[in-house]
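Here the structure comes first, spelled out in structure tokens, and everything after it is commentary.
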Amino acid sequence: MHSAAQEEGCHIFNDFGCGFQAPTTELFFPAPWVEFGLPGTSGITKYLLVLIIATLVSMAFWYFTTRNPKVVPTRAQSVAELFVGFVRDQITRNTMGKAGDKYIPLMVTLFIFIFTMNVMGLIPGLQLPVTSNLAFPAVLALFIYILWNAVGIRRHGVGAHFKARMVPAGVPGYLLPVVVPIEAISNFVIRPFTHAVRLFAVMFAGHLLLAVFAAAGFYMFNPMTPMGPLLGGVSVLYSGIALFGFLVFTVFELFIMAVQAYVFVLLASVYIGEAMEGAH
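For what it's worth, the working numbering labels the leading residue of the sequence shown as 17, then goes sequentially.
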């Protein structure tokens, strides 16, 4: 996707009147390879390919680490047990108690799956985190939202579940006309919305930041410019700084990817634990 000016040497130091070309929306909205529905809006895209790869990687991880469990765990089995122990001790037990142990498989699977989808943004040739498309975090958040309501209704009944979510204990009756609508919107609209948007927004911003640093390093690299080798050296220096920033933010982004998977699962566990408890 280079213009004629770029082919002639378009970069930040040039005589063509062109400068840095920022990453385009194609980073997040790749054109469908096979279209269906409205043209250009739906179909089989790179997101689907990366999603399939992330799913297969997640499945392969559990298959190869748990296919032959032993009393004295192997290294691979120890890694799987480490994830399970972390989710149990740091998430489910803290939010649901021992009663939430039955949800450990779900929470561990969510953690690994979301982290794998995030990491796809760092894999050369793919470089697209699945969760940078709002549709995917929205589906996961919708699943947790439905499960949260289902658990609450099953344990406490329809009326008690929705009353606990909309009528806080101890609120004077004259304040209920104000409090109830606020609580209803907060729990049944804002909660699932923010659950999805938090993951999407962070991954979107992180992917864009890495793309800017990578593109800047490429466009500023020009050892010999039309204005002389000295300026070319400055260009190479700036390119090196941009690439160094790219490497630093790549490591930081890997950490953020893990944190976002943790936060999503933690909130899911909090919501389900709240439904199990029933109190507001």
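Quick reminder that beta carbons are idealized off the backbone N, C-alpha and C, glycines included. Because the structure is a prediction, the values reported are computed rather than measured.
query, result
"In angstroms with no decimal places, state the Cα-to-Cα distance between PHE131 and GLU51.", "29 Å"
"For MET292, count neighbouring Cβ atoms within 10 angstroms of its own Cβ and tell me buried if that reaches 16, exposed if not.", "buried"
"Where does the unbroken alpha helix (DSSP H) through MET133 begin, and where does it stop?", "120-135"
"Helix, strand or coil: how does DSSP classify ILE60 here?", "strand"
"Answer yes or no: do ALA284 and ILE206 have a C-beta to C-beta separation smaller than 7 Å?", "no"
"Do SER148 and PHE220 have their CB atoms nearer than 7 Å?", "yes"
"Which of the three DSSP states, helix, strand or coil, is assigned to VAL187?", "coil"
"Note the first and the last residue of the continuous alpha helix (DSSP H) segment covering PHE159.", "151-172"
"Do TYR278 and TRP164 have their C-beta atoms closer together than 7 Å?", "no"
"Between TYR119, PRO193, MET136, LEU215, which has its C-alpha nearest LEU156's C-alpha?", "LEU215"
"Measure the Cβ-Cβ separation of VAL281 and ILE162 and say whether it is below 7 Å.", "no"
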